[in-house]
Amino acid sequence: MSEEMMKRVLIVCLAAFFLLAGAFTAGCTGEEPVPGEEPIPIGDPGDMDDPGGVMDPTAPEENGFEEARPHLEQQLMMETEQRLIDEHLQTLMAEADIEQDDAAIADGADDAAIAVVNGEEIQRSAMVAAEEQELEQLRMMGFDTDAGENQEMMQMLRLQVVDNLIATTLVSQKAADAGIAVTDEDVQDEYQQLAAQFGGEEQLNTELEQAGMTKEDLQSDIKTQLPINRYLDMYLEENLDAGMLDFSEEELRALYEQQQQQAGFEAVEA
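Residue numbers (the numbering used here): 78 to 347.
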């Protein structure tokens, strides 16, 4: 697994609400959710110097493409890794013994089992906690989660939270079967690395507070996530062939043009 992808997985406990919000909003509007990060700004044809005094009209675009090539390859690599993981997860879910209690999901007690995954129960309290984090972030973004016209989307969000809990449980089980475990020292190391990415522990605590989380919540999430990261890392090492990362010129140019078009649309909207 690439370093960038590892960081994205580690930071999911803070950024998951953006991913979920994007997914269910796209689902309701008919748009296809776009995985991964925002397109990286690539090139600026207006900045190219012409030492010969004669401008080749095709040169700026070509230079922009070559400048973007490493980022394009990185994005396609991340998408390939994610696609492989998604396929693996679909296989795990198809092979698993999963029982889901819709009544408990809708209106059960906190300790009610909303799902049983290969004999392991997921309590409703876990769903409520995860769902509340997503709702709080949507409210901070100005989304009225109580409005009647938004209740269908709220129901979709809840179902996505349940699906995420089931998926996390499945991969955690695979990690345990593989003998993968983490220590308190591992958790602390990852916490410090994450704090450094946010510019220090003080800034991280500010972000946590805005996300409705505590330091303990984050460390608990890290303890859950680390074995998953390590299992997925191992899975990719065993199943990701070098040929899968050999991208053609056509693939790179298609992605480049897609990002250029999207950047143009965003500029017009702004």
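Positions of the beta carbon are idealized from the N, C-alpha and C atoms, including for glycine. None of the values given here were measured: they were computed from a predicted structure.
{"Item": "Where alanine 349 falls, given that 16 or more other Cβ within 10 Å makes a residue buried", "Value": "No answer is possible for residue 349: it lies beyond the span of the chain, which begins at 78 and ends at 347."}
{"Item": "Proximity of leucine 285 and leucine 295 at Cβ, strictly below 7 angstroms", "Value": "yes"}
{"Item": "Nonlocal neighbours in the same chain, by C-beta distance under 6 angstroms from arginine 178, ignoring five residues either side", "Value": "Note on residue identity: the sequence assigns aspartate, not arginine, to residue 178. These residues qualify, in order along the chain: Ile191."}
{"Item": "Per DSSP, cross-strand counterpart(s) of glutamine 177", "Value": "Ala192"}
{"Item": "Buried versus exposed call for alanine 171 [16 or more other C-beta atoms within 10 Å across all chains shown]", "Value": "exposed"}
{"Item": "Spatial neighbours of leucine 48 in its chain, beta-carbon cut-off 6 angstroms, leaving aside the 5 residues before and after", "Value": "Because the chain spans 78 through 347 in this model, residue 48 falls outside it and cannot be assessed."}
{"Item": "Option in Met217, Pro147, Asp254 with minimal Cα separation from glycine 289", "Value": "Met217"}
{"Item": "Buried or exposed by the 16-neighbour rule on C-beta atoms within 10 Å, applied to asparagine 306", "Value": "buried"}
{"Item": "Cutoff 8 angstroms; reference aspartate 240; Cβ partners in own chain excluding five residues on either side", "Value": "none"}
{"Item": "Secondary structure of isoleucine 243, DSSP reduced to three states", "Value": "helix"}
{"Item": "Between the CA atoms of glutamine 269 and glutamate 278 - distance to the nearest angstrom", "Value": "8 angstroms"}
{"Item": "Backbone CA spacing between threonine 291 and alanine 252 [nearest angstrom]", "Value": "26 angstroms"}
{"Item": "Validate contact between the segment 212-226 and the segment 180-200 using beta carbons, cut 8 angstroms, 3 pairs", "Value": "no"}
{"Item": "DSSP state of isoleucine 305 mapped onto helix, strand, coil", "Value": "helix"}
{"Item": "Isoleucine 175 and valine 205 closer than 7 angstroms at C-beta", "Value": "no"}
{"Item": "Length of the line joining the Cα atoms of leucine 169 and leucine 247", "Value": "7 angstroms"}
{"Item": "Whether leucine 54 touches isoleucine 162 by CB criterion (7 angstroms)", "Value": "What is shown of the chain runs 78 to 347, which leaves residue 54 out entirely."}
{"Item": "Through-space distance from arginine 330 to glycine 320, alpha-carbon basis", "Value": "19 angstroms"}
{"Item": "Residue closest to glutamine 287, alpha-carbon to alpha-carbon, out of Glu211, Glu314, Gly185, Asn140", "Value": "Glu211"}
{"Item": "Exposure of leucine 149, with buried meaning 16 or more beta-carbon neighbours within 10 Å", "Value": "buried"}
{"Item": "Other residues of its chain near alanine 258: CB distance less than 7 angstroms, five sequence neighbours each side excluded", "Value": "Pro304"}
{"Item": "Spatial distance of threonine 222 from glycine 185 (CA atoms)", "Value": "21 angstroms"}
{"Item": "Among Gln335, Gln338, Phe324, the one whose alpha carbon lies nearest that of methionine 154", "Value": "Phe324"}
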